[in-house]
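Asks: Protein sequence lines correspond, in order, to chains A and B.
Numbering-wise (the UniProt record's numbering), the first sequence opens with residue 1 and increments by one.
Numbering-wise (the UniProt record's numbering), the second sequence opens with residue 1 and increments by one.
Just so you know, even glycine gets a beta-carbon here, dropped at the ideal spot from N, CA and C.
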Amino acid sequence: MHPFSVLTLGIFVAGYITARWDLVTRLYELAIFAWNYGVVTRAAKGFGVLSLVFLIVFIPVQRLATLESNLHPRSPGSEDDGLMRVFWPTDLPRSDCNGVVVGWRNSALDVLVVAVLEEVEPRRVESALKLGNLLRNAPHPVSRIYEQCGKSSISVLGVSNTPDTVEVDSSWIRVTIAPKQRVPSVTCARASSIQIILFERPLPGRMQYMSLNPIALALGDKHDGFKQDFADSGEEDDEKRERLSKETKRKLVEKLKQHSVIKRIPSPKERALATIVNQINWAWELEKLLQQNVSRIGTRPKRALSVSERVVESATTARDMVLVWLWELITIYVLPVIKKVFVLGLMAHRVVAEMLLRILEWRLRPRYAALKDISATAQQVEIRLQQFCYWPMQYVTLRMRKNDWASVTTSHPDYIRFYNSLWLVANDVIIGMAFGSYIIENAGWVADEISRLLTTYTVEALQSSISWLMGWPAGLKLNTELAAFLGDLFLWVIEYWASCIETIRPMLPRIVLIIGFSSFAGASMPLALFSDLLSILTIHIYSFYLASARIFHWQLNILQSLFHLFRGKKHNVLRNRIDSCDYGLDQLLVGTILFTVLFFLLPTVVVFYLNFAIARMAIILFKACFDTALSCLNHFPLFALMLRVKDPKRLPGGIRFELRDTQDFGATSNDNIPLRQHPSTSVISLQSIPLDFKSMFYQYFQMGNRIRKHYLSPRVALCLLTGKFVPPLNRRNLYSLQYSMLPAKRAGVMEMWDAVNSLPASKRKSMPIQVPILASGRRFPSNYGGGRSRSYG
Amino acid sequence: MLTTTPYLTIRRPSPTTAEFTLTTCPPLTLPLRAALFGVLCLRFIAVLSVIIGIYAAFFSPTGLLPPPIFPSGRISFLDFDLNNFLLHILHLLYISRPGQYLAPLAISLPPYAVLALSALTSYIALFARIHTTESLLVLRGLGIQMSSSVGGGNFFRLGGGTFMKRTRFIPTEKIQDILINEAFKGFEVRYYLVIVVEGEQDVVVCFPRLLPRRKIVERVWRGARGCLYEKDGPVLSAGAGGGGGSHGGNGAWRGGSGNGKSG
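(1) Just the C-alpha distance for ASP96(A) and PRO89(A), rounded to the nearest angstrom, thanks.
(2) Check this for me: beta carbons of ILE51(B) and LEU93(B), under 9 Å apart or not?
(3) Quick one, are the C-beta atoms of VAL512(A) and ILE431(A) less than 9 Å apart?
(4) Checking contacts by CB at 9 Å: is GLY723(A) closer than that to chain B?
(5) Just the chain B side, please: which residues come within less than 8 Å of LYS130(A) by C-beta, in chain order?
(6) Just the Cα atoms here: how many angstroms apart are GLY787(A) and VAL142(A)?
(7) Inspect the CB distances between the stretch 182-189 of chain A and the stretch 374-389 of chain A and report whether three or more fall short of 8 Å.
(8) Can we say the stretch 166-174 of chain A touches the stretch 111-125 of chain B, given the rule of at least three CB pairs closer than 8 Å?
(9) Taking C-beta pairs closer than 9 Å, name the residues in chain B that residue 794(A) reaches, listed in chain order.
(10) Can you look up LEU720(A) in the DSSP assignment and give me helix, strand or coil?
(11) Just the chain B side, please: which residues come within less than 9 Å of GLN195(A) by C-beta, in chain order?
(12) I'd like to know if HIS710(A) contacts chain B, where contact means its C-beta is closer than 9 Å to some C-beta of that chain.
(13) Near ALA218(A), which residues of its chain fall below 7 Å by C-beta distance, leaving aside the five closest residues on each side in sequence?
(14) Among the candidates ILE332(A), TYR28(A), GLY475(A) and ALA138(A), whose CA atom is the shortest distance from the CA of ASN293(A)?
(15) Identify each residue in the stretch 264-280 of chain A for which the Cβ-Cβ distance to at least one residue of chain B is less than 9 Å, and report them in chain order.
(16) Closer than 9 Å, CB to CB, is VAL203(B) near chain A or not?
(17) Take every Cβ of the stretch 107-124 of chain A, pair it with every Cβ of the stretch 63-73 of chain A, and state whether three or more of those distances are shorter than 8 Å.
(18) Can you find at least 3 beta carbon pairs, one from the stretch 490-505 of chain A and one from the stretch 340-348 of chain A, that sit closer than 8 Å?
(19) Spell out whether any CB of chain B is found under 9 Å from the CB atom of VAL253(A).
(20) Could you pull the start and end residues of the beta strand (DSSP E) that GLU188(B) belongs to?
(21) Between LEU55(A), LEU129(A), TRP284(A) and GLN195(A), which lies nearest to ARG12(B) when the distance is taken from Cα to Cα?
(22) Please determine, among PRO648(A), VAL175(A), TRP497(A) and ASN705(A), the residue with the shortest C-alpha to C-alpha distance to residue 812(A).
(23) Below 9 Å on C-beta distance, what does PHE657(A) contact in chain B?
(24) Say whether the stretch 138-146 of chain B touches the stretch 266-281 of chain A, bearing in mind that this needs 3 or more beta-carbon pairs closer than 8 Å, one atom from each stretch.
(25) Suppose the cutoff is 7 Å on Cβ atoms and the five residues either side in sequence are ignored; what does the same chain contact list for GLU198(B) look like?
(26) For ASP488(A), is the classification buried or exposed, using 16 other Cβ atoms within 10 angstroms of its Cβ as the cut-off for buried?
(27) Over the uninterrupted alpha helix (DSSP H) stretch that includes PRO84(A), give me the two end residues.
(28) Is the beta carbon of VAL159(A) sitting closer than 9 Å to the one on VAL100(A)?
(29) What whole-angstrom Cβ distance do LEU588(A) and LEU565(A) have, given they're in contact under 8 Å?
(30) At 3 residues or longer, what runs of the beta strand (DSSP E) sit wholly inside the stretch 234-279 of chain A?
(31) Would you grab the beta carbon distance between THR4(B) and THR24(B) for me? Rounded to a whole angstrom, and I think it's under 8 Å.
(32) Under the rule that 16 or more other beta-carbon atoms within 10 Å means buried, what is MET84(A), buried or exposed?
(33) Please classify ASP532(A): is it buried, with 16 or more other beta-carbons within 10 angstroms of its beta-carbon, or exposed?
(34) Quick one: is PRO214(A) near chain B, going by C-beta distance under 9 Å?
(35) Can you tell me whether HIS223(A) is helix, strand or coil according to DSSP?
(36) Going along the stretch 639-656 of chain A in order, which residues come within less than 9 Å of chain B, judged by CB to CB distance?
Spelled out as structure tokens, the structure:
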């Protein structure tokens, strides 16, 4: 300290003491008081005890804890376990030149190689990457790359074919690769073992991509709300049982999950897989971009054009200019007019479709069935209209795809769906034309055939079977009087119905002609019409079935309660159980007599009931055939099947790893080579699995399952046996398949107007336009205006 | 003779990667190869006889002269008719001695019986596989992949094709635990390896077809855990018993009994 400041401090202290003398004397007295009463010694003792405790207890405990934690490292943060993971594209160009390996560094020892830039300095590459020089002339915004790949920068990962004498960063990899060597040999100073994962880059131009989850061919499950609303009570029972069993299973699995002792928190390396798959999808496009720009930093000379090449170039330029001029004429004057007219036509069509759809969906009451739930034709028309409403929206989304990098894979399922439905409709129309022209040419014959079938099977066959039942069928002695009564009743109604059909018969050729002409709208139309025609023309069988089932059911119920009476019991409705009851003698007598009579009459009613039930089941079977054909025409994954044959990489169904043959770990560890030099390496190849056929036809399997569960369940058998009405499967549930290609809520007229007008005028104007996203079945309105980039998040 | 009880082979090129393969295909020796070749020949003969049978039953060939390959009589490429060529070969097969034995049989049977028989025979000949191979590939930092292929080895090793290979990959992130569980199957107790996957309804059973014995299951369990989680690489021991059952789930899942593993 400076002597002068010491002097100043001294003067200050002396001055202070003189100024506050009373305070100083008080402090002095306090000190003397404390000394006299032993405060100082006690404080010293306490200090001594505390330091003793610290020395004896705390320090050893801390030492033990560090030892233990070193023994069993728990923290997932310390992921530096010496395992290096290198993702290497197999289709990178291989050469002997030394180069710089560039790619994504997902964490310290987890890298994905994008490109090997040849004949350049690593330092210059690094600086160029920092400045963004290597990503110049990108056709689309560069920020999309970083956003999709989940990293903020591309970095230099290492060097290739460089001699060991060159000093590099410790986290860099050294790659040695020869033109004939398929698997590069990789070393890294910090890695003790290395996984080289080879992958083949999907070509984004061909819409190939990889994904962890199978591609969704149908829009997501969104019809749950409908199911809850319109399911009848029987369906609710089924669903409830299913849900309950699922619930118990879930609980069991939850219980099983509680058995795991340690809950591991996944390390960043483990969590990176989804990002890595994205980076793999981007690898091809990114490498092309980097290789384009490598001349900016490299020393590779660019050859000048020769004279002849210049002549050719100028000639082609002149020709191109004429073409461009002509093209501009067309695009400026002709195209906009055509486009405007087309858009207006589309909108007019949309408005008409909206009105028709409103009619088809109109319900008298919320619980009642709409027209489309009853009739197959109405449903078919509705599906087609909805498709027409959805296509412009899909088309707009697909057009927007061109304004983005090809590696963005979110709209690929949409693409497949769009072209699948277009192709199916085209197919449908082609088959329909063939079918329709056949029907129109042979209208008379078809009408005759239909009426002949009708009279043979729905009138005459029924009549003969009823008269057979009336005359002791198969030696079964039925009650003659009752059989005659029932048979006469049904025969009389059949006769009346036959006369009705006779009046319809002259109109039949015309109806067939109408059906034939309708088939120019697709083969599904006549199928649906035939299905409806079948249900109209067999309405008498349906009513017979209903009537006989009702009679049978009543009789069975009465028999049941009379049987209880016979035993001296009765059914207590309030408690829902059987109680014993004291009947009077007359009650018992009459009841028993009635029981006997009804019991002996039962077989007669049963045969009539069975007759009509079988007829009804046959009709349901026919209609099921029609509906299956319809769903095949409307939903068959034709485009997906074609893609599966043509280019399976466009239909990713997950990923698959394969261990390549390398030397065994045990063999290398026996040799006395230091681990640093030759880290144990495993070579794994990563492949994309094409979507399997089972998940392609998943919807069909589900539909089959649902039908089986509904009709082949013991409940239905019980219904048939007791004469209860077998509820038909809800159309909405059964044909959720047909709607799986459509959004749950169709876009409104105004939304479509906006979307159609939001299309860019030409490809050159690549403004980031806010368009609605339809991909992956998100609800349209909630996402509308949300912007493209956000919905990818 | 063609198959053995399932045995385990382990490939481990680095401590963080291991593949556990369980197969019923015994090591390929010369007699085995010969036997497999014999089976292949049998399959070929079965398919041929099906073709001859269908030809005899439905195309009703007449005469002993095959249809000419070159209808115009000149031998040139322009005149080559593939349809006739195939028919020619078929007919040659038909008029051969074994074909003549087979043909009356096919003709005497009713058509639906011929169809059903030929469908059954060709299904067995084409799709029946002798060996089952299942494997578990454990990659640290990536996950576990199970694959199961009917027909071990590749086709040229005469073990049957591997085109029916099914794989399923589970990322490490989603693996909650790997454990050994026990269940009744028939009148025996089977120990099996189970992967508990987060966010999934069921647990995933490893080696679902072969369901190996407990010794093998324990070895795989140790190896997989070591490969997936432990810092210093796996413990290379193949201990038979020991108190390794601390993770044995004793949930009553899928009929598993309520006792934990006693070790």
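Replies: Here's the rundown:
(1) Each residue's Cα considered, the two are about 17 Å apart.
(2) Inclusion of ILE51(B) and LEU93(B) in the CB contact set at 9 Å is warranted, their separation being smaller than that value.
(3) Taking 9 Å as the Cβ cut-off, VAL512(A) and ILE431(A) do not qualify as a contacting pair.
(4) No, GLY723(A) does not count as interfacial toward chain B.
(5) Residues of chain B whose Cβ lies closer than 8 Å to the Cβ of LYS130(A) do not exist, since the nearest Cβ in that chain is about 29 Å away.
(6) Because GLY787(A) carries a pLDDT of 37, less than 50, the predicted location of this residue cannot be relied on, and no value is offered for it.
(7) The answer is no - the stretch 374-389 of chain A does not touch the stretch 182-189 of chain A, with fewer than three Cβ pairs under 8 Å.
(8) In this structure the stretch 166-174 of chain A does not lie against the stretch 111-125 of chain B, because fewer than three pairs of beta carbons, one per stretch, are closer than 8 Å.
(9) In the structure as shown, chain A begins at 1 and stops at 793. Residue 794(A) is therefore absent and cannot be evaluated.
(10) Helix, per DSSP.
(11) Within chain B, the residues near GLN195(A) are SER14, THR16, THR17, LEU139, ARG140, GLY141 and LEU142.
(12) Contact with chain B is absent for HIS710(A), since none of that chain's Cβ atoms lies less than 9 Å from the residue's Cβ.
(13) These residues qualify, in order along the chain: GLN699, SER740 and MET741.
(14) Among ILE332(A), TYR28(A), GLY475(A) and ALA138(A), the Cα nearest to that of ASN293(A) is on ALA138(A).
(15) Listed by position, the residues of the stretch 264-280 of chain A near chain B (Cβ gap below 9 Å) are ARG264, PRO266, SER267, LYS269, GLU270, ARG271, ALA272, LEU273 and ALA274.
(16) For VAL203(B), at least one C-beta of chain A is nearer than 9 Å to its own C-beta.
(17) Contact between the stretch 107-124 of chain A and the stretch 63-73 of chain A is absent, because fewer than three Cβ pairs lie under 8 Å.
(18) Three or more beta-carbon pairs separated by less than 8 Å are not found between the stretch 490-505 of chain A and the stretch 340-348 of chain A, which leaves the two stretches without contact.
(19) So yes, VAL253(A) belongs to the interface.
(20) Segment 188-197, the beta strand (DSSP E) holding GLU188(B).
(21) Of LEU55(A), LEU129(A), TRP284(A) and GLN195(A), the residue nearest in Cα terms is GLN195(A).
(22) Given that chain A is displayed from residue 1 to residue 793, the structure contains no residue 812(A) and the question cannot be resolved.
(23) Residues of chain B passing the Cβ test: LEU137, LEU139, LEU142, GLY143, GLN145, THR167 and PHE169.
(24) Cβ pair count under 8 Å is three or more, so yes.
(25) By the criterion of a C-beta distance shorter than 7 Å, GLU198(B) is surrounded in its chain by LYS174 and GLN176, once the five residues flanking it on both sides are discounted.
(26) Result: exposed.
(27) For clarity, residue 84(A) is Met in the given sequence; the question names Pro instead. No alpha helix (DSSP H) holds MET84(A); the beta strand (DSSP E) holding it covers 83-89.
(28) For the pair VAL159(A) and VAL100(A), the CB atoms are nearer than the 9 Å cut-off.
(29) Cβ atoms of LEU588(A) and LEU565(A) come within 8 Å of each other, at about 7 Å.
(30) Note on the stretch 234-279 of chain A: there is no whole beta strand (DSSP E) run with a minimum of 3 residues.
(31) With a Cβ gap of about 6 Å, THR4(B) and THR24(B) count as contacting.
(32) Taking a 10 Å sphere around the C-beta of MET84(A), we find 16 or more other C-beta atoms and assign the residue as buried.
(33) Label assigned to ASP532(A): buried.
(34) Not closer than 9 Å to any Cβ of chain B, the Cβ of PRO214(A) fails to qualify, so no.
(35) Since pLDDT at HIS223(A) reaches only 47, below the 50 mark, its modelled position is unreliable, and the value read off the structure follows with that caveat. When DSSP states are grouped into helix, strand and coil, HIS223(A) belongs to the coil group.
(36) Of all residues in the stretch 639-656 of chain A, GLY654, ILE655 and ARG656 have a Cβ within less than 9 Å of some Cβ in chain B.
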